[in-house]
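**Student:** Pasting a structure here, questions to come.
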Amino acid sequence: MIPDSGTVVTYPGGAVTSRSTVRHVADAGAGRTAVVLDATAFHPIDTAWPDQPADRGVLSVGGAEIEVVDAVVGAARDGELLLGPDVPVRTGTEGWVFVVAHLIAGEPLAEGDTVEVRVDAAFRDELSAGHTGCHLASLALDAALADAWRKDAPVDALGAPGFDALAIQESRIVSLGSRDVYRIGKSLRRKGFDPTALEDLEGLAGRVNEMLAEWVTAGGAVRIECGGATLSDRRTWECDLPGAVARIPCGGTHVRSLSDLTAIEVSFQSSAVEGGAELVMTTTVTPA
Ligand SMILES: [Zn+2]
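If you use the working numbering, the sequence shown corresponds to residues 20 to 307, in order.
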C-alpha cells in the first residue's frame, strides 16, 4: 500500500541513512522495480524542476546490498502510481500522493520487507555544496545586474531585481558546482532588462565573485525550513548573510554552514541564439 501522505523524507535534515519498510513495489519497465518506502534518506530527482540529481546508494537487506540505479518522484492518484517523466503535475499538487521511487534491477524486494537505505555520503556532500553555491551565485548575479533594469522587476530573496528567476531556462547541480542557463531575448528586454550589461562578462564575473567571497568569508549558517516531513511538503532554504537572511523555496540538500566552503566562483559564457543570446553561468565550489 502506498503510504496515504506519501514518503517521509529525511535528507532535508542531512540524513544519509534510514531504516525503512517497503510499502509498495511496482514494475518500472526495462527490468526495473520501483520500491516505495515509508521513509527515506534518498534524494530523488524532481520531475518538474530536475536541478539536483538523484543520490547514489544502496538498499541493504539481510546483509545484501541492492544498488539503487535511479530515484525519481512518483505520484499516485486513485491507486495508480506514475513515475518520473510520466508524473503530469508539480510535486506537492493537491489531490495527489507523492513518493520517492527507488529504482532497482529485478524484483528482489516485497511489501513489508525492512531495508536500510545507505546513501553515498561523499557524493551527497558534493551535491549539497554545489546546490548551496548555485543559490548564492544566482543571488550575487541578481545583485551585480541590479543597475541593468530600466523598469521595476519582481525582486529576489535579497531585494534585487530577479534576473535569475526571469531569465533562467535550466539549472543543473553537479558535484561541487552548478550550471545555469539564461535566455536573454525579447521577453526579458520587454520586462526592462538592458542586455548591454552583459557585454563585459569578465567584469561581471569579477563583481559576482567579489560578493560571493564576502559571503563565504562571513561563514553564515544554512538551514532547511520544512513545512512538514513528507516529500510534498514545502521546504525553504535559509542562509544567513551579512545583514540579511536569504530564503528560497528548495527541495534539495545543502551544506550546514558557509564555513564548510572555502570559495564559490563563477564564470560566464555567452552565445548568440535566435532572437537574442544564451548566457551560461558555471559555478565552482571549493569545500573547506
Ligand atoms: Zn534549490
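We treat Cβ as the ideally placed atom computed from N, Cα and C, and that holds for glycine. These numbers were taken from a predicted model, which means no experiment stands behind them.
Whole angstroms are fine: how far does the CA of V304 sit from the CA of D144?
**Tutor:** Distance between the alpha carbons of D144 and V304: 11 Å.
**Student:** Count the other C-beta atoms from every protein chain shown that fall within 10 angstroms of the C-beta of M20, then say buried if there are 16 or more, exposed otherwise.
**Tutor:** M20 comes out exposed.
**Student:** Could you check what DSSP says for S278 in three-state terms: helix, strand or coil?
**Tutor:** Three-state DSSP puts S278 in a helix.
**Student:** Please confirm whether any heavy atom of ligand 1 lies closer than 8 Å to the CB of H121.
**Tutor:** No, the Cβ of H121 stays beyond 8 Å of every heavy atom of ligand 1.
**Student:** For a test of your reading of the model: does the CB of D70 fall under 8 Å from any non-hydrogen atom of ligand 1? Yes or no.
**Tutor:** At least one heavy atom of ligand 1 is nearer than 8 Å to the Cβ of D70, so yes.
**Student:** Since I believe L56 is in contact with S79 (beta carbons under 8 Å), could you give me their beta-carbon distance rounded to a whole number of angstroms?
**Tutor:** With a Cβ gap of about 12 Å, S79 and L56 do not count as contacting.
**Student:** Can you tell me whether S290 is buried or exposed, with buried defined as 16 or more other CB within 10 angstroms of its CB?
**Tutor:** Classification for S290: exposed.
**Student:** Within the present structure, is the beta-carbon of H62 separated from the nearest heavy atom of ligand 1 by less than 8 Å?
**Tutor:** No.
**Student:** Nearest chain C C-beta to L128 closer than 9 Å, yes or no?
**Tutor:** Any reference to chain C falls outside this structure, which holds one protein chain only.
**Student:** Would the beta-carbon of C3 be found less than 8 Å away from any heavy atom of ligand 1?
**Tutor:** The chain is shown from 20 up to 307; residue 3 falls before or after that span and cannot be answered.
**Student:** DSSP puts T317 in a beta bridge; with which residues?
**Tutor:** The structure shown does not extend to residue 317, since the chain is modelled only from 20 through 307, so no value can be given for it.
**Student:** By Cβ distance, which residues of its chain are closer than 6 Å to A67, with the 5 residues on each side in sequence left out?
**Tutor:** Result list for A67: R109, in chain order.
**Student:** Can you name the start and end residues of the alpha helix (DSSP H) that F9 belongs to?
**Tutor:** Shown here, the chain extends from 20 to 307; a query on residue 9 therefore has no answer.
**Student:** If we ignore side chains and look at the alpha-carbon of each, how far apart do E84 and A163 end up?
**Tutor:** Taking the straight line joining both Cα atoms gives about 48 Å.
**Student:** Note down the Cα distance separating A165 from L155, rounded to an integer number of angstroms.
**Tutor:** A165 and L155: Cα-Cα distance of roughly 15 Å.
**Student:** Extract the residue ranges of the alpha helix (DSSP H) inside the region 111 to 163, only unbroken runs of 4 or more that lie entirely within it.
**Tutor:** Those alpha helix (DSSP H) runs which fall completely within the region 111 to 163 and span 4+ residues are 140 to 163.
**Student:** Exposed or buried, which one is T52 when buried takes at least 16 other CB atoms within 10 Å?
**Tutor:** The residue is buried, with at least 16 neighbouring Cβ atoms inside 10 Å.
**Student:** What did DSSP end up calling P214 once you bin it into helix, strand or coil?
**Tutor:** Looking at P214 - three-state DSSP - the assignment turns out to be helix.
**Student:** Quick one: what's got a C-beta closer than 6 Å to R266's C-beta in the same chain, skipping five residues either side?
**Tutor:** These residues qualify, in order along the chain: A176, T255 and E257.
**Student:** Please report the Cβ distance between S286 and A184, rounded to the nearest whole angstrom; I am assuming they are in contact, meaning their Cβ atoms lie under 8 Å.
**Tutor:** No, S286 and A184 are not in contact; Cβ-Cβ is about 21 Å, not under 8 Å.
**Student:** When you get a sec, list the residues whose CB is within less than 5 Å of any heavy atom of ligand 1, chain order please.
**Tutor:** Output, sorted by chain position: C269 and G271.
**Student:** With DSSP as the reference, identify every bridge partner of D46, one or two as the case may be.
**Tutor:** In the DSSP output, where bridge partners are listed per residue, D46 has T52.
**Student:** Which residues does DSSP list as the beta-bridge partners of T40?
**Tutor:** Bridge partners of T40: T133.
**Student:** Exposed or buried, what is V241 when buried is set at 16 or more other beta-carbons lying within 10 Å of its beta-carbon?
**Tutor:** So V241 ends up on the buried side.
**Student:** When the Cα atoms are used, what is the spatial distance from P72 to P261?
**Tutor:** The straight-line gap from Cα to Cα measures roughly 30 Å.
**Student:** With distances taken Cα to Cα, identify the nearest neighbour of N228 among R253, T302 and A248.
**Tutor:** When only C-alpha atoms are compared, the closest one is T302.
**Student:** Leaving aside the five residues before and after A2 along the sequence, list all residues of the same chain whose C-beta is less than 7 Å from its C-beta, in chain order.
**Tutor:** This structure gives no information on residue 2, because the portion of the chain shown stretches from 20 to 307.
**Student:** Using a Cβ-Cβ cut-off of 7 Å (strictly less than) and excluding sequence neighbours within five positions of T151, which residues of its own chain qualify?
**Tutor:** For T151, where only same-chain residues beyond five positions count, the Cβ hits under 7 Å are V241, H273 and V274.
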